[in-house]
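To start, the structure itself, in structure tokens.
Numbering (the working numbering), first residue to last: 11 to 300.
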């Protein structure tokens, strides 16, 4: 049995109460607490109290059932949840969820103890990362978000999001890309539209987080020209089951329907992520703005 606990941390733009509720109500849990694939379904039963039993089921497209069960050991509202975790592959492991408020956000620390071997450690690490990606998408569902699967490795997707060659071949050819490091700023032009992005966080082959620090465009249909400023663009990358595919969980935090540019920007992201980037990664030829 491995002595190393699996520990994941994530800062999410939601309150501790919102995160706690998402972990406790079965009608909400089944909407995010699974690394679901296309065609899969989920169910959840949850007696949310110390000593209470839960069961979470994932049903694959071919009908295969993946069931997870356990008992709640400790519950501190808006702060901590501890429960056992059992499945066909692991028995009597222990999961601890800790929540901490940081500047109107919540830091989630997930610790999974007693995993039996390195294989299960890696499997659960990937699964929990994907679940937390889905949790953030769910909590920020009013912001634009999408999920896209690419038939390439996470390493290749990461390069396309951090290197000038990649960004010029799927987003816009008129850009100036700085080194991929925290605090660096890159600029992107789409005709009269200008955007400057500062890198907030980089986790190689897993996460890229940009903050928009400058934005301007001239369009007689819009009264504001800087709606993207202070919004965040986050790319989460998860390796597929066979290792040769990547699931992108994308969130543009703050790009909501209240913004004048929402419809236009939603169409833009759908095109660039689902068509241009996909074509670039899988065929070598993207469809950037030029």
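C-beta: ideal position from N, C-alpha, C; glycine also.
Option in the options with minimal Cα separation from residue i
i: residue 94; options: 104, 86, 155 and 118; result: 104
i: residue 132; options: 100, 83 and 113; result: 100
i: residue 111; options: 175, 27, 291 and 217; result: 27
i: residue 91; options: 29, 145 and 149; result: 29
i: residue 205; options: 36, 214, 221 and 73; result: 221
Cβ neighbours of residue i in the same chain (closer than 8 Å, five flanking residues each side left out)
i: residue 147; result: 42, 155, 157, 259 and 261
i: residue 185; result: 174, 177, 178, 196, 197, 198 and 199
Alpha-carbon spacing of residue i relative to residue j, whole angstroms
i: residue 44; j: residue 177; result: 31 Å
i: residue 76; j: residue 17; result: 23 Å
i: residue 284; j: residue 52; result: 25 Å
i: residue 70; j: residue 224; result: 44 Å
i: residue 287; j: residue 83; result: 45 Å
i: residue 216; j: residue 59; result: 34 Å
i: residue 239; j: residue 272; result: 14 Å
i: residue 20; j: residue 142; result: 8 Å
i: residue 109; j: residue 40; result: 20 Å
i: residue 242; j: residue 276; result: 14 Å
i: residue 304; j: residue 278; result: The question about residue 304 has no answer here: the residues shown for the chain are numbered 11 through 300.
i: residue 85; j: residue 180; result: 46 Å
Other residues of its chain near residue i: CB distance less than 7 Å, five sequence neighbours each side excluded
i: residue 202; result: 227 and 228
i: residue 291; result: 160, 162, 166, 167 and 170
i: residue 15; result: 121, 122 and 123
Residue burial classification, residue i (beta-carbon count within 10 angstroms, cutoff 16)
i: residue 256; result: buried
i: residue 167; result: buried
i: residue 295; result: exposed
i: residue 300; result: exposed
i: residue 274; result: exposed
i: residue 219; result: buried
i: residue 1; result: The question about residue 1 has no answer, for the chain in this structure spans 11 to 300.
i: residue 55; result: exposed
i: residue 245; result: buried
i: residue 191; result: exposed
i: residue 282; result: buried
i: residue 120; result: buried
i: residue 11; result: In this predicted model, residue 11 has a pLDDT of only 49, less than 50, meaning its place in the structure is not dependable enough to derive any value.
i: residue 172; result: buried
Neighbourhood of residue i by C-beta distance below 6 Å, restricted to the same chain and skipping five residues each side
i: residue 62; result: 82
i: residue 65; result: 55 and 79
i: residue 89; result: 109
Cβ-heavy atom distance, residue i to the ligand HEM, below 7 Å
i: residue 41; result: Of ligands this structure carries none, so the ligand HEM is not represented either.
Notebook entry, point to check: Three or more beta-carbon pairs under 8 Å between the region 157-165 and the region 234-250, yes or no?
Noted result: Here the region 157-165 makes contact with the region 234-250; the two share three or more CB pairs at distances below 8 Å.
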